[in-house]
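Asks: Got a structure for you, written out below as structure tokens; questions coming shortly.
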Amino acid sequence: MMKILVIHGPNLNLLGKREPEIYGSTTIDEINTLLKMEAQKLGTEIEFSQSNSEGEIVDRIQRAMGNIDGIVINPAAYTHTSVAIRDAIASTGIPTIEVHISNIYRREDFRKLSYVSGVAVGVISGLGVNSYLLGLIGLVTHLKK
Ligand code: CA2
22 MMKILVIHGP
32 NLNLLGKREP
42 EIYGSTTIDE
52 INTLLKMEAQ
62 KLGTEIEFSQ
72 SNSEGEIVDR
82 IQRAMGNIDG
92 IVINPAAYTH
102 TSVAIRDAIA
112 STGIPTIEVH
122 ISNIYRREDF
132 RKLSYVSGVA
142 VGVISGLGVN
152 SYLLGLIGLV
162 THLKK
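Following the numbering used here, the numbering of the sequence shown begins with 22 at its first residue and continues without gaps.
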């Protein structure tokens, strides 16, 4: 069976607990539950990972090589800083969709640059929790082709 890995970047463990006006009131566990239900509908396996540390995210992407078919990643603040995460996605070659809860293009200028977008299959930004669900559907559709 096809296997998808969802990676949540730094501070996303606080989702639903702080700044609900920007990031909504849904917690990371609730997002993962919704993704798990969608994955069942799509007939794919899914696993989840959250880390506040750049190196751990790079390690997780590397470990995915050979056993994960595709990645949905919200790199959070590392979106705008991390050549290392970009290089991990590029060098493993694992098809990856970048997702953001908020629309990064209608916020501060420093959020308008993503190092990850240039190696992603696609990007979904600004649709709240649905960004993750649409990212998963888009990734699985892409992989089945
Ligand atoms: O909109 C997104 O999904 C972001 O990736 C979220 C990141 C931000 O740095 C990106 O520019 C856009 C921040 C995640 C922080 O998560 C929080 C959760 C609860 C309370 C405060 C922050």
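Beta carbons are placed, not taken as given, at the ideal position from N, Cα and C, and that holds for glycine.
Does the beta-carbon of residue 35, which I'm using as the reference point, lie nearer than 7 Å to any heavy atom of ligand 1?
Replies: Locating residue 35 in the sequence shown gives position 14, counting from the first residue. Checking the Cβ of residue 35 against ligand 1 gives yes.
Asks: Quick check on DSSP: helix, strand or coil for residue 91?
Replies: Taking the first residue of the sequence shown as 1, we reach residue 91 at position 70. Three-state DSSP puts residue 91 in a strand.
Asks: Can you check DSSP and say which residues form a bridge with residue 129?
Replies: Residue 129 sits at position 108 when you count from the first residue of the sequence shown. None; residue 129 has no bridge partner.
Asks: Following a CB-centred definition, is residue 123 positioned closer than 7 Å to any heavy atom of ligand 1?
Replies: Position 102 of the sequence shown, counted from the first residue, corresponds to residue 123. Under cutoff, so the answer is yes.
Asks: Since residue 118 and residue 141 are thought to touch, with beta carbons under 8 Å apart, how far apart are those beta carbons, to the nearest angstrom?
Replies: Indexing the sequence shown from 1 puts residue 118 at position 97. Indexing the sequence shown from 1 puts residue 141 at position 120. The beta carbons of residue 118 and residue 141 sit about 6 Å from each other, so the pair counts as a contact at 8 Å.
Asks: Please state whether the Cβ-Cβ distance between residue 110 and residue 152 is less than 8 Å.
Replies: If you number the sequence shown from 1, residue 110 lands on position 89. If you number the sequence shown from 1, residue 152 lands on position 131. For residue 110 and residue 152, no; Cβs fall outside 8 Å.
Asks: Please check the pair residue 92 and residue 115, which I expect to be a contact at CB under 8 Å, by giving their CB distance rounded to whole angstroms.
Replies: For the purposes of this step, residue 92 is taken as residue 71 along the sequence shown, with counting starting at 1. For the purposes of this step, residue 115 is taken as residue 94 along the sequence shown, with counting starting at 1. Contact flag correct, Cβ pair sits at about 5 Å.
Asks: Could you work out which residue in 149, 154, 164 and 45 is closest to residue 56 when comparing CA atoms only?
Replies: If you number the sequence shown from 1, residue 56 lands on position 35. Answer by Cα proximity: 154.
Asks: Quick one: Cα of residue 40 to Cα of residue 120, how far?
Replies: For the purposes of this step, residue 40 is identified with residue 19 of the sequence shown, where counting begins at 1. For the purposes of this step, residue 120 is identified with residue 99 of the sequence shown, where counting begins at 1. Rounded to the nearest angstrom, the two C-alpha atoms are 19 Å apart.
Asks: Per the DSSP calculation, residue 146 is bridged to which residue(s)?
Replies: Within the sequence shown, residue 146 is the residue found at index 125, counting from 1. In the DSSP output, where bridge partners are listed per residue, residue 146 has 121.
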